[in-house]
Amino acid sequence: MTEESLAAHTSFAARSYRLSIRDWAFKYSTELQLLAGLAVMIAVFSLLEPSIYPTTANVQNISRQAGVLLVVAIGQMFAITVGGFDLSVGANMGFTSIVTAQAMADHGVAAAIVISLLTGAAIGLVNGILIAKLRVSPFVVTMAMLTFLTGYGGVRSNGASVIANDPTLKWFGGRDWGFMPSTIGIGIIILLLAVVFTGRTRIGLYVYAIGGSRETCRLAGIPVARYEAITYMITGMLAGAGGIMLTARVSVGQTGLGAGFELRSIAAAVIGGAVIGGGKGRLSGVFLGVALMTCLTVGLAVTGVGTFQQQMAIGIALVVAVLISQLRGGSFRQVSDLLPTLKRLFIGFDDQSRRVADPASKTDTASDDTA
Amino acid sequence: MTPPDSESEPDLSAASSGVELPGDVPAARLDGINKSFPGVKALDDVSFDVRRGEVHALLGENGAGKSTLVKILAGLIPPDSGRILLDDSDVVFHGPRDAQRRGISHVPQEVQAVPDFSVGRNMLLGFEGPFDRKGKLSSKEREQTRDALDRCGAAFSESARSGQLSIPELRLAQISRTLLHPGDVIVLDEPNAALSENDAAAMLDRLRLLRDQQKAIIFVSHRLTEVLGIADRITVLRDGCAVGTFPRAELDKDKIVALMTKASRLADHDSLPPATFRSSSVEATNGRPLLEVDGLTQEPNIADVSLRLNPGQIVGVAGVQGSGHGHLLRAIAGVDGYDRGQVAVRGHALHPGMVRGAYRAGVVLVPADRRSSAIVSQLSVRANLTLPIHSRASRGGIRRIRRERQLAREHIEAFGIRPSNTEILAGNLSGGNQQKLALARALVSKPEVLLLDEPTQGIDVAAKAEILALIRRLVQEHGFGVVVASSEFEELLAVADVIHVMSRGRLVETLPTDEADYERILHAALP
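So the protein lines, in turn, are chains E and F.
For the first sequence, the working numbering assigns the number 96 to the initial residue and increments by one for each residue that follows.
For the second sequence, the working numbering assigns the number 26 to the initial residue and increments by one for each residue that follows.
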């Protein structure tokens, strides 16, 4: 074989596993839409409040808020991708903030951080065992955990706030690393770790595979329950990290500190393209989902819109984002495409209508088996 | 070949001349129905009618078009062309509820009931007024449902909790529910599936009761004996065409089997590769079979099944829908448990219902339900292939992407998966290529016993041939044993060394492939 033909062969092989630009744009269309939406939103707010919104101080402010949500939403995305969700992340954050504050007083900052991360992980693991091994629904398990932890945090702190004012702890969510707020710094570090986790580790692959088809994984000999439980453990640990960051930010340990994060993290993950039911979800989407939500709330606050109206806006943004991604993904490209889906839901399984309804089969370039 | 349809002639003339002949006007008539699905012509100019006071049976193999016809009649799918006439007036159904309102009652194959509701409440589901209570039936409702149950000869109370009824009782409740609907046409889709012989016979008696009440009954079944026992007329479908409609008296089991298989079969056989390869190693290994199944029993699907599999051998399990051949593979693979019997691989018994145990022993199942159990559609071809623990594509939990790509390219090439792109999502592949991917993934697991459940279901003919050739080649190359369960007998004739025929959960006949032919298998398989 000559040098040339070898090269030609190699380049063909290389091409065979790269996505074309069109495929790439299709795959990342959620992200592209989010970027577009983000750009429009930033432009509008900048025009409305040119002296406040597009300033370094405001960018820092936005990223300070976004960092905590990013960490928690990444964990939430794992739980959603594996096929469930975790309503206890907010309570987990509140509980670990108590743990951080108390452990710090006794053992110092380093020990407190380790203990808190382990606490968060342990909470997640209990969720995971109940969901994956004992097959209780994620809704019931994590809601029970939410309630329990809120109560237990109150018991541990006697219902009061615990002072956690320590200059070292401040480095982990309270102050800036140079020009960059520490929360977003930690967020980005965790994001990078998560990229490696999803793309380069076996567990990361299994998170997606189990969420995509539990049965396929079972038949492939994968210990499904174990990996599912580990996924919830990671979600819990990241919520614990979020709890530490919040504690550092407000210098106080409090049970109610994380309230609302459960729904905001789910919203961010879903806006970013994660699908309740599992199998789909990308970190790039979650990152942009968090960015969109934070830019929106801060923007509304800056332009003088009240808290209540901000919540209304987030609710609308959530539905709009999901609707757009579904319209784009062709789940119901036409109203008539909806019918087979509805039939399947109400009348039962119907393979033929499923094939017709399946948007994937339309984009199928490979239907020429006969070739 | 098509005999004159003596009975429908006067109908047509009656319809065209506009003369009302009550009792002779079909309660429902389909005229020249066509229906295509992507790549398949499911129904080709099919006409069919049913009169009051008769049971009209619809027969045909899997894929002959029975269920499509039933779905059209039940308003579940619209026909591409053709007319639907009820009492000789044209209708168009807008969905199943509309068809029901116009007088077509469809009883689906699966028993459906809310277990916590009473029988009567379940029967009235969808008919209740705005203030009906969940728990209790009003006296009018009780009267209505009691009457319907009585007319079907049901012995249980309308206020019994549905969850406490047996399957045949629930089925009967479902059938008597049709008496609450307007109209007289009742479509029964395999009403005796999953019923024992006695229960099935009792069910037929109930259907005779309904027929005597001038109901028009369409009866879809695989069980020839039953069909011959109850039908007044029989329509045989084959490959989407109506072979003909016959009065019961003109047919017997042999004739029906011939009608179901003739003509088109020969064409199909040509397109499949001839079964040139025959494993010579049937008796070759040191006496010990690779897989031994002894007296496997799983109520009510599998009854006392024993079989042997040697390395390099392909064993076929033939069966029509509901005969339990799929259950058998799932039980062997440990997906479902079983009540009695034993499965052993190389002499080591497996625990019932333990997938991972079976997997470790080298038993790998490629399930029939491709999209939801054989592949992960949201993952790329590469990721699908790296799923099995044995893929060796990761070290210490860290994935080796170069190794994965290499693995994926090798398998894409070896299995002819198209397009040959390692990154395409598995869900975007065509059915045939998904099946190749499922096979490739099973191979990555290095199986000793490969179990294939309906490996070519829903795949076009060319891809079918390709997959069958692939199976044979793999066995030749790797020397593992394969059990193929299928309701498409040609494919078993093309790949298997020996064919076991399964009927109602039992192995009723064992045929070496050279002695087997299509009709013989079908004859044994039809209960």
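Backbone N, C-alpha and C define an ideal beta-carbon position, used for all residues, glycine too.
- Rounded to whole angstroms, the gap between the alpha carbons of T293 of chain E and V302 of chain E is 8 Å.
- Interface residue (Cβ-Cβ distance to chain E less than 8 Å): A356 of chain F is not classified as such.
- Going by beta carbons, G353 of chain E and G337 of chain E fall inside the 8 Å limit.
- Around the C-beta of I281 of chain F, 16 or more other C-beta atoms lie within 10 Å, and the residue is accordingly described as buried.
- At a C-beta separation below 7 Å, P207 of chain F has no neighbours in chain E, since its nearest C-beta there lies roughly 20 Å away.
- Under DSSP, the beta-bridge partners assigned to W272 of chain E are E:M275.
- Annotation: the continuous beta strand (DSSP E) that includes M527 of chain F extends over V523 to S528.
- Secondary-structure assignment with DSSP links V474 of chain F through a beta bridge to F:V388 and F:G506.
- Taking 8 Å as the cut-off, the Cβ atoms of L286 of chain E and L165 of chain E count as close.
- The residue among F:P336, F:L249 and F:D478 with its C-alpha nearest the C-alpha of P552 of chain F is F:L249.
- Here V365 of chain E is buried. Its C-beta has 16 or more other C-beta atoms within 10 Å.
- For T151 of chain E, no pairing in a beta bridge is given by DSSP.
- For a cut-off of 8 Å, the C-beta gap from V340 of chain F to L353 of chain F is around 11 Å, too long to register as a contact.
- Contact between R428 of chain F and A418 of chain F holds, with the beta-carbon distance rounding to 5 Å and staying under 8 Å.
- When secondary structure is reduced to three states using DSSP, N253 of chain E falls in the coil class, being assigned neither helix nor strand.
- When Cβ-Cβ separations below 8 Å define contact, K375 of chain E makes contact with chain F.
- With a threshold of 8 Å between beta carbons, G85 of chain F makes no contact with chain E.
- Put simply, the segment 166-177 of chain F does not touch the segment 102-120 of chain F. Fewer than three CB pairs are less than 8 Å apart.
- Residue nearest to M136 of chain E within the set E:T278, E:G401, E:K122 and E:L383 is E:L383 (criterion: CA-CA distance).
- Rounded to the nearest whole angstrom, the C-alpha separation of V406 of chain F and E448 of chain F is 6 Å.
- At a Cβ-Cβ threshold of 8 Å, G506 of chain F and L334 of chain F count as neighbours.
- Boundaries of the beta strand (DSSP E) around V340 of chain F: I339 to A343.
- The way I'd put it, the segment 315-330 of chain F does touch the segment 363-379 of chain F; three or more beta-carbon pairs between them come closer than 8 Å.
- Three or more pairs of CB atoms, one per stretch, sit closer than 8 Å, so the segment 206-222 of chain E contacts the segment 325-332 of chain E.
- In the DSSP assignment, V318 of chain F forms a beta bridge with F:L332 and F:V368.
- At least one C-beta of chain F is nearer than 8 Å to the C-beta of T311 of chain E.
- Contact of Y543 of chain F with chain E is not assigned, every C-beta pair being separated by 8 Å or more.
- Exclusion of the five residues before and after P276 of chain E leaves Q155, S158, R159 and G162 as the residues of its chain whose Cβ lies within less than 7 Å of its Cβ.
- For the C-beta of R498 of chain F, not a single chain E residue is nearer than 8 Å; the gap to the nearest is close to 17 Å.
- Taking the Cα of V75 of chain F as reference, the smallest distance to any Cα among F:V345, F:D257, F:G265 and F:A550 is reached at F:D257.
- Looking at the DSSP output, P272 of chain F bridges to F:R258.
- Going by DSSP, L314 of chain E is part of the alpha helix (DSSP H) stretching over R309 to L314.
- Annotation: the continuous beta strand (DSSP E) that includes G57 of chain F extends over A53 to F62.
- Beta-carbon to beta-carbon, A99 of chain F and V144 of chain F are separated by about 23 Å, too far to satisfy the 8 Å threshold.
- Between the segment 453-470 of chain F and the segment 378-391 of chain F there are three or more C-beta pairs closer than 8 Å, enough to call the two in contact.
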